[in-house]
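See structure below.
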Amino acid sequence: MNHPHSTGLSKPLVFSAGLIIAIALAAATYYWFAVVRVGELGTKNAYSFLQDIEIENRQTDVKSGPIVLDRMSASGYWVLGLVSNDKKFPRTWIILNQTAPDGTVLMLPVGTGAQVSCGYIDNLPRAALSDPQVLQFLEGICTHDVSADKRTRTEQ
Numbered sequence: 001m002n003h004p005h006s007t008g009l010s011k012p013l014v015f016s017a018g019l020i021i022a023i024a025l026a027a028a029t030y031y032w033f034a035v036v037r038v039g040e041l042g043t044k045n046a047y048s049f050l051q052d053i054e055i056e057n058r059q060t061d062v063k064s065g066p067i068v069l070d071r072m073s074a075s076g077y078w079v080l081g082l083v084s085n086d087k088k089f090p091r092t093w094i095i096l097n098q099t100a101p102d103g104t105v106l107m108l109p110v111g112t113g114a115q116v117s118c119g120y121i122d123n124l125p126r127a128a129l130s131d132p133q134v135l136q137f138l139e140g141i142c143t144h145d146v147s148a149d150k151r152t153r154t155e156q
């Protein structure tokens, strides 16, 4: 016998629909945090930040050697500007304290032949080089030519 105000839906059907919606929401949340935020979209803010710095400093005199921009604004990034061999892009900008989720060093532009002395890297604040993959990358490209950098200490 049907109640006059009944929608005809049984409790098990309503429960099943609710369960399906809950599972879909859980899957969407997992996808957002486990896939999107750590994939290409997860590094979008870092690359956008580097692009802004590159554009702002494109005309900076590279004779001054490397530049360390510490704890940039609210981002919390330590950024290193290395002298490059590219006339269009005189510096390569590297985020020192973070890498992409896959371990890629966050830098812009790529492939410019950035140069830095090993002594300069040794004197960077350890707080700036909190990511071991960035340190390994810098040690891989540094030279033992002390005349390559005019500045041997950075401001902390």
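Under full-length UniProt numbering, think of the first position of the sequence shown as 1, with each following residue one higher.
Idealized CB from N, CA, C, for every residue including glycine.
This one's a predicted model, so the numbers in the text were calculated from it and none came from an experiment.
- Secondary structure at Leu-124: coil, using DSSP grouped into helix, strand and coil.
- With at least 16 other beta carbons inside 10 angstroms of its own, Ile-95 counts as buried.
- The criterion of a C-beta distance shorter than 8 Å is satisfied by Leu-106 and Thr-99.
- Gln-133 counts as exposed, since fewer than 16 other beta carbons sit within 10 angstroms of its beta carbon.
- When the beta-carbon positions are compared, Leu-69 and Gln-115 stay at least 8 Å from each other.
- For the beta strand (DSSP E) assignment, the uninterrupted runs of no fewer than 3 residues enclosed by the stretch 23-95 are, from N- to C-terminal side, 67-72 and 77-83.
- Rounded to the nearest whole angstrom, the CA to CA distance from Ala-17 to Ala-27 is 15 Å.
- In the DSSP assignment, the residues bridged to Leu-108 are Trp-93.
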